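**Q** I am attaching a structure below and will ask some questions about it afterwards.
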Amino acid sequence: MISTNISGLNFKFTPNQVKETSESLINLKLKLNNSVAELPQEKCNFKSVLGTLSSNDNEQEVHFTSLTFLHSVSGDKALRDVSSQVEETISAFDIDQSMRTDLYTRVKYAAAKNETLEKEDKRLLEKTLLDFKRNGLDLDEKSQEKFKANQKKISELSIKFDKNTAEDKTFVLFTKSELEGLDDDFLAGLDKEVSDGVEKYKVTMKYPDLLPVMKKAKRSETRKILQTANDGKCVENVQLFVDTLKLRKENAVLLGYKNHNQFKLEPKMAKTEEAAFSFLESLKGKLKPIAQKELEVLKELKKNECLENGQEFDNIIQSWDYNYYSNMLLEKKYQVDHEKIREYFPMEKVTETIFKLYENVLNVKFKITKDKWQVWHPDVTAIEVYELNDEFLGLFYLDLYPRLQPGYEKADNSRNFPIAAMVSNFKKPTSDKPSLLNHNEVVTFYHELGHVMHNICSKTKWARFHGTAVERDFVEAPSQMLENWCWETVVLKKLSSHYKTGESLPDDLIKRLVDSKKVGVGLANLRQIFFGSFDLEMHSTEFKDPTVTWERLRREVSLIPMIPSTVPFATFGHLMHGYDSGYYGYLWSEVFSADMYYSRFEKEDSILEGKKAGMDYRTWILKPGGSIDGMDMLKGFLGREPNDDAFLKTLQ
């Protein structure tokens, strides 16, 4: 029987206390790791090795996250700075400990005992062994040194890539007439320069400059010049990217994998590059007919505009045309006024309704508390979460203007309850107007609270597997599934209340908003498949020229040609930062989130009341955290193998 053990977190640290506490925790962990590393072989078993190390990790994570969370929320700059430094120190320490051969040897001794273990304990053992192997600890000394040197070089290349991208100064000068279609407010925000005796506007490649011009500039030549400049920037990153690809492959081969894809996908839900490639290829074939119809609509808009302006129509949607005609379609057909919609979503009403919806769907109760729990700012609200029978589940903080503490089972069988936080940057209320959210922000609120509830509703023995600690290509799926509520008419009616009149969102505005979601979905998703395919092809066994590959896939997959002599992938930072061999995951989780929502909640009429679907969702998807495979969770919740039928249906 697990007893209740409830305690909040301490946020009243001074900078010196943060530093001293972190040093003390690191020394304690080092001492414990050293004691395990000295165990003789005959005394190594699951309890003495994995149990000792992981129980300590359970306790330590609680304290470490209290210290490192402060750099995100504290109003004291000195405290934020020390918290950031401590996070770097802890990260470096953990990396160093993960490379200890003596600890790996003890884990292998424990594994060799072949004890009968509970499922979660067995998974912990398997994952720990795999972590050490993937860190190169099975390699001989010479190969290990090569592996480490390559890792260091990859990190250096990534930093250079980022630096080049961040410091890029590319810009284009345009006259006011060349920027026809842009409003005066936008133009007023641009710097000006005199060129050839003419005053011109300076348009940089930063998104606040770039996107409005690509969406609004009426002159095709203006958009072409700007798109060409943007796609051709940071050419020095090409070699950095190629060098990174080669080093990644070299390290994968050193570890015994055929390529980087096989190495990166092994611990993920997809597991193999064949599964990832197959997923993208199958989806591509089903999306192409939808995208081709959308392309014809855009071509018709372009054709009509060319006729009006007496220009020749080339029957092609170029890369500099896509945003412009997509935006034209939205404005002409749907006329969604997002600022008008914002007036119907005051923060207080949205928060109250979202809480009620979560309570109903997940079969839980929220209790807002005052002065009971320590908070880092007076604006922060602490909310306790209970089962319907009043059993305590956990606590979360709402700071509207990361997980703090995992849940786990303590050595005495008491339960350390999870603590989470949702930290946002919504607009503050003014003297005459409450905080008002646009619809995208409402969706974000719903999504992020989903991550919070994943942590609150999770119950695992080991903190390593708690809550959102699932496979990386599954981590967004539960919250993406919850986003669907924000597009249901009945939910939008409940969420909305005009801040002046109290009226809910009118039916015509709801219809235009919901219909606009489907505009260009075929082309947009093919674009994601293009990015995912490029990523996987670049990290496959055979080296491929990135420029040639990008051009081919743009033409074959996204249906929109690449501008010759440009290098758009030179700023594709995702592949230098954790999404390598993983970009497919964006669509992977979207597909499975749609399957969960439409196959259970919508089908069983459980949108407003969770009923069985809500409890099954908690039992199969939220409660296990990462203690079982994501695919097994999905099969349990759906009662079958997942598929893309529901996802494709949403695009029709």
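Quick note on our numbering: the sequence shown kicks off at 4 and runs consecutively.
We put the CB at the ideal spot given by N, CA and C, even for glycine.
This structure is a prediction, so every number in the text was calculated from the model and none was measured.
Rounded to whole angstroms, what's the CA-CA distance from Tyr328 to Glu299? Just pull it up for me.
**A** If you number the sequence shown from 1, residue 328 lands on position 325. If you number the sequence shown from 1, residue 299 lands on position 296. Roughly 11 Å between the two C-alpha positions.
**Q** What number of angstroms, rounded off, separates the C-alpha of Lys149 from the C-alpha of Gln242?
**A** As a position in the sequence shown, residue 149 is number 146, starting the count at 1. As a position in the sequence shown, residue 242 is number 239, starting the count at 1. Approximately 21 Å between the Cα atoms of the pair.
**Q** What residue from Gly139, Leu82 and Lys122 has the CA that sits closest to Tyr107's CA?
**A** In the sequence shown, residue 107 corresponds to position 104, counting from 1. Out of Gly139, Leu82 and Lys122, Gly139 has the C-alpha closest to the C-alpha of Tyr107.
**Q** Quick check on the DSSP output: the beta strand (DSSP E) that includes Tyr389 runs from which residue to which?
**A** Within the sequence shown, the letter at position 386 stands for residue 389. Note, Tyr389: beta strand (DSSP E), Thr384 to Glu390.
**Q** As a quick exercise: from Thr550, Asn441 and Ile29, pick the residue whose alpha carbon is nearest that of Glu346.
**A** Within the sequence shown, numbered from 1, the residue matching residue 346 stands at position 343. Out of Thr550, Asn441 and Ile29, Asn441 has the C-alpha closest to the C-alpha of Glu346.
**Q** Report buried or exposed for Gln483, applying the criterion of at least 16 other Cβ atoms within 10 angstroms of its Cβ.
**A** Residue numbering aside, residue 483 sits at position 480 when the sequence shown is read from its first letter. Buried is the call here.
**Q** Return helix, strand or coil for Leu213, following the three-state DSSP convention.
**A** Reading the sequence shown from its first residue, position 210 is the one you call residue 213. Three-state DSSP puts Leu213 in a helix.
**Q** Counting pairs of beta carbons, one from the stretch 461-469 and one from the stretch 374-383, are three or more of them closer than 8 Å?
**A** Too few Cβ pairs lie closer than 8 Å, so no.
**Q** Can you list, in chain order, the stretches of the alpha helix (DSSP H) that have 4 or more residues and sit fully within the stretch 25-113?
**A** Whole alpha helix (DSSP H) segments, 4+ residues: 55-71, 73-76 and 80-101.
**Q** Need the endpoints of the beta strand (DSSP E) that Ile371 sits in, please.
**A** Here residue 371 refers to the residue found at position 368 when the sequence shown is read from its first residue. Run containing Ile371: Val367 to Thr372, per the beta strand (DSSP E) assignment.
**Q** Would you report the Cα separation of Ile532 and Gln44, rounded to the nearest angstrom?
**A** Looking up residue 532 in the sequence shown gives position 529. Looking up residue 44 in the sequence shown gives position 41. Approximately 50 Å between the Cα atoms of the pair.
**Q** Compare the Cα-Cα distances from Leu127 to each of Ser58, Ser38 and Gly192 and report the closest residue.
**A** Within the sequence shown, the letter at position 124 stands for residue 127. For Leu127, the nearest C-alpha among the options comes from Ser58.
**Q** Starting from the C-beta of Pro645, find all residues in its chain whose C-beta is less than 6 Å away, skip the five residues before and the five after it, and write them out in chain order.
**A** Counting from one through the sequence shown, the residue named residue 645 turns up at place 642. Only Phe595, Asp598 and Leu637 meet the Cβ criterion.
**Q** Kindly confirm or deny that the stretch 540-551 and the stretch 252-264 touch, where touching means at least three C-beta pairs closer than 8 Å.
**A** These segments touch.
**Q** Taking the alpha-carbon of Lys521 as reference, which of Lys336, Phe177 and Val353 has the nearest alpha-carbon?
**A** In the sequence shown, the residue the question calls residue 521 occupies position 518. Considering only alpha carbons, the answer is Lys336.
**Q** Near Lys22, what residues of its chain come up, given a Cβ to Cβ distance below 6 Å and the 5 sequence neighbours on each side ignored?
**A** As a position in the sequence shown, residue 22 is number 19, starting the count at 1. Val85.
**Q** Asp647 and Leu286: beta carbons closer than 8 Å?
**A** Sequence index remark: in the sequence shown, residue 647 carries index 644 (1-based). Sequence index remark: in the sequence shown, residue 286 carries index 283 (1-based). Contact: yes.
**Q** Unbroken alpha helix (DSSP H) runs of length 4 or more, entirely within the stretch 430-482: which are they?
**A** Taking only runs of at least 4 residues, the alpha helix (DSSP H) segments lying wholly in the stretch 430-482 are 442-460.
**Q** Using a Cβ-Cβ cutoff of less than 8 Å, which residues in the same chain neighbour Leu439 once the five nearest sequence positions on both sides are dropped?
**A** Within the sequence shown, numbered from 1, the residue matching residue 439 stands at position 436. Taken in chain order, the residues that qualify are Arg345, Glu346, Phe348, Pro349, Met350, Lys430 and Tyr502.
**Q** For the alpha helix (DSSP H) containing Met634, name the first residue and the last one.
**A** Here residue 634 refers to the residue found at position 631 when the sequence shown is read from its first residue. Gly633 to Leu641 is the extent of the alpha helix (DSSP H) around Met634.
**Q** Excluding sequence positions up to five away, which residues of its chain have a Cβ less than 6 Å from the Cβ of Val364?
**A** Here the question's residue 364 lines up with position 361 in the sequence shown. Around Val364: Gly613 and Gly617.
**Q** Please classify Pro211 as buried or exposed, where buried requires at least 16 neighbouring CB atoms within 10 angstroms.
**A** Here residue 211 refers to the residue found at position 208 of the sequence shown. Counting Cβ neighbours within 10 Å, Pro211 comes out exposed, since fewer than 16 surround it.
**Q** With a threshold of 7 Å on Cβ separation, who are the neighbours of Val445 within its own chain once the five nearest residues in sequence on each side are excluded?
**A** As a position in the sequence shown, residue 445 is number 442, starting the count at 1. For Val445, where only same-chain residues beyond five positions count, the Cβ hits under 7 Å are Phe348, Val353, Cys489 and Leu498.
**Q** Just mark Val473 as buried or exposed, buried being the case when its beta carbon has 16 or more other beta carbons within 10 Å.
**A** Indexing the sequence shown from 1 puts residue 473 at position 470. Buried, because 16 or more other Cβ atoms sit within 10 Å of the Cβ of Val473.
**Q** For the beta strand (DSSP E) that Lys195 lies in, which residues bound it at each end?
**A** Start at 1 with the first residue of the sequence shown, and residue 195 comes out as number 192. Per DSSP, Lys195 belongs to the beta strand (DSSP E) from Asp194 to Ser198.
**Q** For Ala294, which residues of its own chain have a beta-carbon under 7 Å away from its beta-carbon, when the five flanking residues on both sides are left out?
**A** Taking the first residue of the sequence shown as 1, we reach residue 294 at position 291. Cβ neighbours of Ala294 beyond the five flanking positions: Gly525, Leu526, Leu529 and Leu562.
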